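Colleague: Next up is a structure, given as structure tokens.
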Ligand code: FSO
Ligand code: SF4
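In the UniProt record's numbering, the protein residues as written are 3 to 547.
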């Protein structure tokens, strides 16, 4: 195996024996083969679009399959074998449809578009199609950067899709870009252009998801979220999918079972539509990587709607349920919606009733709900505070949390920030400082949480609005610094989206991606001022200069 798609990759260069995330060699190889299969399908999908052949099932399959391969989403080898088989059959069907429509299948197609072996040879096939099959390290780096951006894009597209929002331009780009990663005639410059184009579609998909979420559930608003517990049995829901949450809240209402959020589901509390459920009690615990302790003390069933799943400990494995793209061998899986009906959570609810109430691990409240609409409602206050000098600088500290000790930097950085600065955050990175009680500036909290990682879009909307209010011609002239923490591939698309919007001098940590070759890193440094982090003191001086 060789995998270097996330921040925790072994030695910063690549996992080769087993994933630091817990992914086995077998699953890593099958993920490679699935991605290879998707690239082959994409070759036909591009041609099919030219012939006006519409195949929503193919778009959906590619989107979900990409999402399955995101770090900490799916560890179940059987699910990958099934997907590869389904992919091969979809690929053949699409090819036949192209022929029927009068298209000519080129004779010199890439192996990805023609290979087929029996299941018992999948592992052997996978060995020749992984990341290292691309020998030139810069081309490899750009192909992977693009592919990881597509994974993030697919994840956000999938959430929007679940709320019945989709855009064909996003699918068309995903397919075009996947096919392009097979094209040996493309040079580094062409791939850089595609990476930047991915940023544009990243903005589009986040805007689409924002529309889907806010149209369906209302605009997030200033909310105090309880972090203590009540005395009822309960279900803990994690991941990012709001549709799953909605259906769970409806089905648990009146059953005596409470619902709590974990990790990236915390921002669900900010939506008006979920406030009417008084059994939607609060948030339990912290970011994803602490689940090995927090799932234990929660006592009730835990429901993972998307990443981030950590291989469950035996002590609570029988209480874990997955759904959608998430999977783990031996863990119960809630089937997808069929015939327009909601998912069936009766097993989860029955399980919860047999469990004791959660053990309290903390008490109090956290504040959030500062997505674009709420911040813009406060715009006058914010603008006045900037003009009067009460707020000197904003720090965008969005992104991810993770288990590496070096991430303590972000807690220390938040603590060390001067009192006249405000943190704008989104994603699970917030858990590094959202319980520090950093105070407020004239009623504006010093930590403004916009929501999940996908709500980083809100931060861009806020920045663009401030640029307009202050009459600036460049978003980089605002008193905003970017000190972003990354972990997995959704952070990659968020980063590319910010670059597309013209944001410069983003600092990325705790380490720069292992998949950036020295030359590709140089392009990002020279054109966009991307930089790593050093230590709190030096970085603060740099940012405040
Ligand atoms: Fe991921 Fe980051 Fe949102 Fe976290 S980008 S790691 S758990 O913020 O979740 O998907
Ligand atoms: Fe390693 Fe990250 Fe890949 Fe897991 S996802 S195998 S930790 S690089």
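Just so you know, even glycine gets a beta-carbon here, dropped at the ideal spot from N, CA and C.
Since the structure is predicted, the reported quantities are computational estimates derived from the model, not experimental observations.
Using a Cβ-based criterion (distance less than 6 Å to any ligand heavy atom), does residue 539 qualify as near the ligand SF4?
Modeller: Because no heavy atom of the ligand SF4 lies under 6 Å away, the Cβ of residue 539 does not count as near it: no.
Colleague: Excluding sequence positions up to five away, which residues of its chain have a Cβ less than 8 Å from the Cβ of residue 230?
Modeller: Counting only Cβ-Cβ distances below 8 Å, and skipping sequence neighbours, we find 284, 362, 364, 365 and 366.
Colleague: Kindly list the residues whose CB is nearer than 6 Å to the CB of residue 142, restricted to its own chain and excluding five residues on each side of it in sequence; keep chain order.
Modeller: Excluding residues within five positions, the ones whose Cβ falls inside 6 Å are 136.
Colleague: State buried or exposed for residue 474, treating a residue as buried only when at least 16 other CB atoms are found within 10 Å of its CB.
Modeller: When all chains shown are included, residue 474 counts as exposed.
Colleague: To the nearest angstrom, report how far apart residue 240 and residue 176 are at their CA atoms.
Modeller: Cα to Cα, the separation comes out at about 27 Å.
Colleague: Identify, in the order they occur along the chain, each residue of the same chain with its Cβ nearer than 8 Å to the Cβ of residue 387, setting aside the five sequence neighbours on each side.
Modeller: So the list reads 393, 443, 444 and 446, once near-sequence residues are dropped.
Colleague: Given a cut-off of 7 Å, decide if residue 506 and residue 530 are closer than it, judged by their beta-carbon atoms.
Modeller: Their beta carbons are under 7 Å apart, which means residue 530 touches residue 506 by this criterion.
Colleague: Three Cβ pairs or more, each shorter than 8 Å: is that satisfied between the stretch 66 to 79 and the stretch 155 to 166?
Modeller: The stretch 66 to 79 is in contact with the stretch 155 to 166.
Colleague: For residue 509, which three-state DSSP category applies?
Modeller: Strand at residue 509.
Colleague: Please work out which residues of its chain come closer than 6 Å, Cβ to Cβ, to residue 495, disregarding the five sequence neighbours upstream and downstream, and give them in chain order.
Modeller: Excluding sequence neighbours, residue 495 sits near 151, 154, 155 and 204.
Colleague: Taking 7 Å as the threshold (C-beta atoms), are residue 184 and residue 41 in contact?
Modeller: It is a contact, given that the beta carbons lie within the stated cut-off.
Colleague: Less than 7 Å separating the beta-carbons of residue 428 and residue 458?
Modeller: Yes, they are a contact pair.
Colleague: Compute the distance between the beta-carbons of residue 307 and residue 246, then report whether it is under 7 Å.
Modeller: Yes, the Cβ-Cβ distance between residue 307 and residue 246 is below 7 Å.
Colleague: Does the structure place the stretch 211 to 229 close enough to the stretch 517 to 525 that three or more beta carbon pairs sit under 8 Å?
Modeller: No, the stretch 517 to 525 is not in contact with the stretch 211 to 229.
Colleague: Nearer than 6 Å: is that true of the beta carbon of residue 26 relative to any heavy atom of the ligand SF4?
Modeller: For the ligand SF4, not one heavy atom lies less than 6 Å from the Cβ of residue 26.
Colleague: Cβ-heavy atom distance between residue 146 and the ligand SF4 below 6 Å?
Modeller: Checking the Cβ of residue 146 against the ligand SF4 gives no.
Colleague: Identify whether residue 203 lies in helix, strand or coil by the three-state DSSP scheme.
Modeller: Helix.
Colleague: Tell me the rounded alpha-carbon separation between residue 518 and residue 348.
Modeller: Near 46 Å, if we compare the C-alpha coordinates of residue 348 and residue 518.
Colleague: Would you mind reading off the limits of the beta strand (DSSP E) that contains residue 54?
Modeller: Per DSSP, residue 54 belongs to no beta strand (DSSP E) and is neither H nor E.
Colleague: Could you check if residue 545 belongs to the surroundings of the ligand SF4, using beta carbon to heavy atom distance under 6 Å?
Modeller: Every heavy atom of the ligand SF4 is 6 Å or more from the Cβ of residue 545, so no.
Colleague: Can you tell me whether DSSP reads residue 524 as helix, strand or coil?
Modeller: Helix.
Colleague: Could you say which of 170, 73, 15 and 82 lies nearest to residue 59 if we only look at CA atoms?
Modeller: Of the candidates 170, 73, 15 and 82, the one whose C-alpha sits nearest the C-alpha of residue 59 is 170.
Colleague: Looking at C-beta atoms only, is the number of pairs between the stretch 403 to 419 and the stretch 333 to 349 that lie closer than 8 Å three or more?
Modeller: No, they do not touch.
Colleague: Can you pull every residue whose C-beta falls closer than 7 Å to some heavy atom of the ligand SF4, listed in chain order?
Modeller: Those satisfying the condition are, in chain order, 5, 6, 7, 8, 10, 11, 12, 16, 17, 21, 22, 23, 25, 30 and 73.
Colleague: Touch check for the stretch 111 to 130 and the stretch 41 to 53: three-plus C-beta pairs under 8 Å?
Modeller: At 8 Å Cβ cutoff, the stretches touch.
Colleague: What first and last residue would you give for the beta strand (DSSP E) that runs through residue 487?
Modeller: From DSSP, the beta strand (DSSP E) with residue 487 extends over 482 to 487.
Colleague: Tell me whether the beta-carbon of residue 430 lies closer than 7 Å to the beta-carbon of residue 403.
Modeller: Yes.
Colleague: From residue 54 to residue 178, what does the alpha carbon distance come to, in whole angstroms?
Modeller: Using only the alpha carbons, I get a separation of about 15 Å.
Colleague: Suppose only complete runs of 4+ residues qualify. What are the alpha helix (DSSP H) ranges in the stretch 439 to 492, listed by chain order?
Modeller: List check, alpha helix (DSSP H) in window: 458 to 471.
Colleague: Which residue's Cα is closest to the Cα of residue 25: 57, 74 and 64?
Modeller: Of 57, 74 and 64, the residue nearest in Cα terms is 74.
Colleague: Taking residue 240 as part of the beta strand (DSSP E), name the residues at either end of that continuous run.
Modeller: First-last of the beta strand (DSSP E) with residue 240: 236 to 240.
Colleague: What whole-angstrom Cβ distance do residue 460 and residue 374 have, given they're in contact under 8 Å?
Modeller: About 4 Å separates the two Cβ atoms, so the contact holds.
Colleague: What three-state label does DSSP hand residue 530 in the structure shown?
Modeller: Note: residue 530 maps to helix in three-state DSSP.
Colleague: So is the beta-carbon of residue 279 under 6 Å away from any non-hydrogen atom of the ligand FMN?
Modeller: The ligand content of the structure shown is limited to the ligand FSO and the ligand SF4, which means the ligand FMN is not among them.
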